[in-house]
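Enquirer:
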Amino acid sequence: MLRRALLLLGGKPPLVRWRPLDVSHFDVCVIGAGPAGIAAALRAVDYNKRVCLIEANRVGGCDLWNGALQSKMMWEMSNFFAKANGSVARRVYNTTVASFMEPDEAKMRETLVRGSEMREQQILAALRAAAVSVLYGGAFFVSPREVEVRNRATKEYRTVTADYFIVATGSAPREHPYVQTDHKHVVTSDELMMMPLPRSMVIVGAGVLGSEFAAIYARLGKTRVYLIDKERCILPAEDDDVVERIQQTMEADGVVIHRDSVLYQMQAWEAPAAEPGRRSGVRYSIMNKRTREIETYEVERALIAVGRTPNYKGLGLQNAHCRVREGALVLDAFGKCVDQDHIYAVGDAANDSKLVSVGEAKGRLVVDRIFGVQPTLPLQHDFTRITFLSVAVASVGMNEKQCQKKKISYVMARYGFELCSRSVAACNTNGFVKILATNDSKKTLLGVRVLGLNASTIIELASAAIRRKQSAYQLSELLTAYPSVSQAFLECLCVILGSSTLKPGSFPGLVCHTWTPPDYERGRAYAPDAEAETPPADRPAVPYEGRDMREERRSFQEKASHFSTAELRAAKKVAEAVELAAVARAETEAAASPSSSGGGVFPGSFFLRPGHP
1 MLRRALLLLG GKPPLVRWRP LDVSHFDVCV IGAGPAGIAA ALRAVDYNKR
51 VCLIEANRVG GCDLWNGALQ SKMMWEMSNF FAKANGSVAR RVYNTTVASF
101 MEPDEAKMRE TLVRGSEMRE QQILAALRAA AVSVLYGGAF FVSPREVEVR
151 NRATKEYRTV TADYFIVATG SAPREHPYVQ TDHKHVVTSD ELMMMPLPRS
201 MVIVGAGVLG SEFAAIYARL GKTRVYLIDK ERCILPAEDD DVVERIQQTM
251 EADGVVIHRD SVLYQMQAWE APAAEPGRRS GVRYSIMNKR TREIETYEVE
301 RALIAVGRTP NYKGLGLQNA HCRVREGALV LDAFGKCVDQ DHIYAVGDAA
351 NDSKLVSVGE AKGRLVVDRI FGVQPTLPLQ HDFTRITFLS VAVASVGMNE
401 KQCQKKKISY VMARYGFELC SRSVAACNTN GFVKILATND SKKTLLGVRV
451 LGLNASTIIE LASAAIRRKQ SAYQLSELLT AYPSVSQAFL ECLCVILGSS
501 TLKPGSFPGL VCHTWTPPDY ERGRAYAPDA EAETPPADRP AVPYEGRDMR
551 EERRSFQEKA SHFSTAELRA AKKVAEAVEL AAVARAETEA AASPSSSGGG
601 VFPGSFFLRP GHP
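Going by the UniProt record's numbering, the letters in the sequence shown line up with residues 1 to 613, in that order.
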């Protein structure tokens with residue numbers, strides 16, 4: 001009525017701030033419905049808490065829609081084509097059959113979407129059963145304890161308050177310093193899998209993400225793949241024997257690796273529409289870091305795979321007064337924001353390891369930390385990793401490089417799959433099991449690497465053993481089924497213990513050696529690199545056997561000659577006086593103490609004299 005009266009009188013209506021109709025309060029508000037956020041929300045339900053889950057797009061996050069699940073489905077498809085082009089097909093048809101098959105790209109993309117939708121429905125059913133409130137829309141911190149949820153599709157606007165907030169917004173592809181993505185010719189991993197297979201593609205970045213896509217697209221048989229690697233080998237943190245086998249397999253699949261090279265220039269181009277045979281693509285140049293030579297190539301598409309960064313876009317962390325450093329939230333060991341006791345971050349949003357399993361574990365751990373009765377420790381990082389390249393590569397624990405860096409003496413055994421009956425039956429002998437154990441009487445497991453068939457299954461045996469600090473002796477008591485790839489794991493353990501059926505050196509794929517630090521016998525001070533530290537002034541820089549003792553005696557005599565006989569005699573008297581005073585004080589304290597038994601040891605005194613009671 002007031003607004004209508006003002007309009008009839010020619011006045012302006014008062015400006016009233018619009019407020020949301022729905023204001024809800026929850027015990028826990030999780031922002032982001034990826035694997036880490038879902039795990040945190042469902043774990044909070046176990047503590048009988050009222051939970052809401054906010055998602056801007058679709059439940060499942062990058063894991064379901066443009067990440068791990070879809071990429072592994074594509075890896076399985078490429079694995080099928082590799083088998084059709086490999087020795088399995090030759091066994092049956094005496095030739096390869098991949099050349100007679102043409103992949104249906106539309107069907108492949110449909111399969112990816114259907115797989116993601118199936119997992120999405122399963123997760124939604126679990127959330128409904130747990131009575132978790134799912135809110136769709138972008139979350140924005142208005143204050144440290146209040147979040148606005150805006151749904152652009154329905155124009156709905158809500159306000160949520162909570163006792164605790166858990167940020168699980170995932171990550172986004174890292175931008176290249178000087179190459180812009182156009183989402184058509186130069187793309188990221190977010191849109192690559194929903195695009196047609198290119199005839200040729202260059203991948204910038206030879207990390208896990210870039211190497212996986214290189215192996216997938218090369219084995220599908222329609223794409224010529226180029227991989228730019230600034231190091232001398234891909235995956236430089238891994239051991240040389242592991243990397244060498246991976247590179248050999250990828251190059252056999254047709255991947256061209258530009259080693260020791262950096263991207264010099266990249267530009268997308270497209271021919272005019274009126275030009276016959278119109279083409280488009282990407283022209284890029286690389287420079288070899290050693291020779292400084294520049295080479296230029298043309299491909300149809302470029303993938304920028306230089307890592308991922310936490311995604312806080314539109315979150316309003318400045319209103320929550322959360323500190324951000326170098327693009328990531330500043331957190332403690334439990335994922336809590338250092339400036340706010342009620343705000344946590346998990347998964348990729350915590351800038352932690354980009355693994356789904358670690359994100360889920362960290363999500364549960366954060367909730368246990370908030371509501372748990374028993375104190376919890378930070379998540380240990382001896383977790384299992386698996387990378388799906390031309391061969392699956394699984395790892396847990398330390399490798400040889402890490403052991404040598406920490407100066408841990410170890411024994412290494414490597415058992416090739418060509419010696420395993422199950423691998424021979426599957427016609428898949430490209431791989432091995434590699435085990436590191438302490439070079440002592442205990443033979444405690446330090447790390448395991450598995451390449452090839454059933455790598456993801458075998459590595460879980462090692463993961464449990466390393467977490468429990470079990471030894472090779474304990475694991476060697478296992479009795480595995482026959483034929484199975486786990487036999488290779490068991491035989492590799494027996495190689496370390498010297499009780500294997502096949503002895504090291506009898507086959508090229510059966511290797512065993514030990515490594516001890518160079519200073520193992522005499523200690524760290526006598527290492528060849530001298531620990532790269534300068535010895536203190538009062539410690540000789542030359543080892544004992546190489547020193548001239550006559551020169552040291554002469555130096556000592558010269559220092560002593562600066563003091564006169566009277567000065568030395570006075571210093572001796574002062575020392576004796578201090579000693580007598582300490583003895584007298586101890587006797588007084590012992591006499592005053594009612595519990596004194598008259599023993600020969602005086603409390604507070606380092607001097608024992610004969611004759612004392």
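Here a beta-carbon is modelled for each residue, glycine too, at the ideal position from N, C-alpha and C.
1) Rounded to the nearest angstrom, how far is the Cβ of Val-132 from that of Val-45, given a contact under 8 Å?
2) Using 8 Å as the threshold, is the region 64-80 in touch with the region 211-225, meaning 3 or more CB pairs across them?
3) If you draw a straight line from the alpha carbon of Gln-402 to that of Leu-446, how long is it in whole angstroms?
4) Among Ile-31, Val-28, Ala-36, Phe-26, which one has its Cα closest to the Cα of Gly-359?
5) Distance check for Ala-206 and Val-391, CA to CA, integer angstroms please.
6) Based on DSSP bridge pairs, tell me the residues matched to Glu-55.
7) Under the criterion of a Cβ to heavy atom distance below 7 Å, does Arg-43 qualify as lining the ligand NAP?
8) In chain order, which alpha helix (DSSP H) runs of at least 4 residues are fully inside the region 428-478?
9) Which residue comes first and which comes last in the beta strand (DSSP E) that contains Ala-111?
10) Between which two residues does the beta strand (DSSP E) harbouring residue 620 extend?
11) Would you kindly work out how many angstroms separate the C-alpha atoms of Glu-102 and Met-108, rounded to a whole number?
12) Have a look at Thr-429, Ser-421, Ile-459 and flag the residue whose alpha-carbon is nearest the alpha-carbon of Gly-86.
13) Just reading off the alpha helix (DSSP H) that Gly-416 is part of, what are its end residues?
14) Out of curiosity, what's the CA-to-CA distance linking Pro-483 and Arg-422?
15) Report the rounded CA-to-CA distance for Gly-210 versus Thr-516, giving the unit in angstroms.
16) What does the alpha-carbon distance come out to for the pair Ala-426 and Ala-481?
17) I believe Val-242 touches Leu-451 by the beta-carbon criterion, under 8 Å. Please report the beta-carbon distance rounded to the nearest angstrom.
18) When the Cα atoms are used, what is the spatial distance from Val-396 to Arg-308?
19) Excluding five sequence neighbours on each side, which residues of the same chain lie with their C-beta closer than 6 Å to the C-beta of Gln-267?
20) On a CA-only basis, which of Thr-96, Val-134, Lys-289 is nearest Glu-55? Give me that one, please.
21) Could you tell me if Ile-294 is buried or exposed, where buried requires 16 or more neighbouring beta carbons within 10 angstroms of its beta carbon?
22) Measure the CB-CB distance between Ala-349 and Gly-32 and report whether it falls below 8 Å.
23) At which residue ranges does the region 25-106 contain complete alpha helix (DSSP H) runs of 4 or more residues, listed in the order of the chain?
24) For the region 61-72 against the region 108-122, are there 3 or more C-beta pairs whose distance is under 8 Å?
25) Looking at C-alpha atoms only, which residue of Ala-215, Val-338, Thr-438 is the closest neighbour of Gln-247?
26) So, do the region 318-325 and the region 141-148 have three or more beta carbon pairs nearer to each other than 8 Å?
27) Under the three-state reduction of DSSP, which class applies to Ile-496: helix, strand or coil?
28) Take His-176 and list the residues in its own chain whose beta-carbon comes closer than 7 Å to its own, dropping the five residues that flank it on each side.
29) With a cut-off of 8 Å on the beta carbons, I'd call Glu-156 and Arg-58 a contact; round off their distance for me.
30) Apart from the five residues just before and just after residue 634, which ones in its own chain have a Cβ nearer than 8 Å to its Cβ?
31) With a CB to CB cut of under 7 Å and the five nearest residues on each side skipped, what residues in its chain are close to Met-194?
32) Let me check understanding here. Comparing Cα to Cα, which of Asn-311, Ala-237, Val-202 lies closest to His-258?
33) Could you check if Ser-506 is buried or exposed, using at least 16 other CB atoms within 10 Å of its CB as the buried criterion?
34) I need the DSSP call for Arg-308, collapsed to helix, strand or coil.
35) Give the range of the alpha helix (DSSP H) segment to which Gln-404 is assigned.
36) Here's the rule: buried if 16 or more other CB atoms are within 10 angstroms of the residue's CB, otherwise exposed. What is Val-255?
Expert: Let me lay it out:
1) 6 Å
2) yes
3) 10 Å
4) In terms of CA proximity to Gly-359, Ala-36 leads the group Ile-31, Val-28, Ala-36, Phe-26.
5) 16 Å
6) Tyr-136
7) Within the structure as shown, the ligand NAP is missing, as the structure has no ligands at all.
8) 455-467, 472-475
9) Inspection of the sequence shows that residue 111 is occupied by Thr rather than by Ala. Not the beta strand (DSSP E): Thr-111 falls in the alpha helix (DSSP H), residues 105-129.
10) With the chain running from 1 to 613 in the structure shown, residue 620 is simply not present.
11) Approximately 12 Å, taken between the alpha carbons.
12) Gly-86 has its Cα closest to that of Thr-429, out of Thr-429, Ser-421, Ile-459.
13) Run containing Gly-416: none in the alpha helix (DSSP H); it sits in the beta strand (DSSP E), 410-416.
14) 5 Å
15) If you take the alpha carbons of Gly-210 and Thr-516, they lie about 35 Å apart.
16) 16 Å
17) Taking the Cβ atoms as the reference, Val-242 lies roughly 7 Å from Leu-451, within the contact range of under 8 Å.
18) 23 Å
19) Arg-283
20) Closest option to Glu-55, Cα to Cα, is Val-134.
21) It counts as exposed.
22) yes
23) 35-46, 61-65, 68-84, 87-93
24) Verdict: yes, contact present.
25) Ala-215
26) yes
27) helix
28) Val-204, Ile-304, Val-306
29) Incorrect: roughly 17 Å between the Cβ atoms, too far for contact.
30) Residue 634 lies beyond the stretch modelled for the chain, which goes from 1 to 613, so this question has no answer here.
31) Cβ neighbours of Met-194 beyond the five flanking positions: Arg-109.
32) Val-202
33) An exposed status is given to Ser-506, since fewer than 16 other beta-carbon atoms sit within 10 Å of its beta-carbon.
34) strand
35) Element bounds for Gln-404: 400-405.
36) buried
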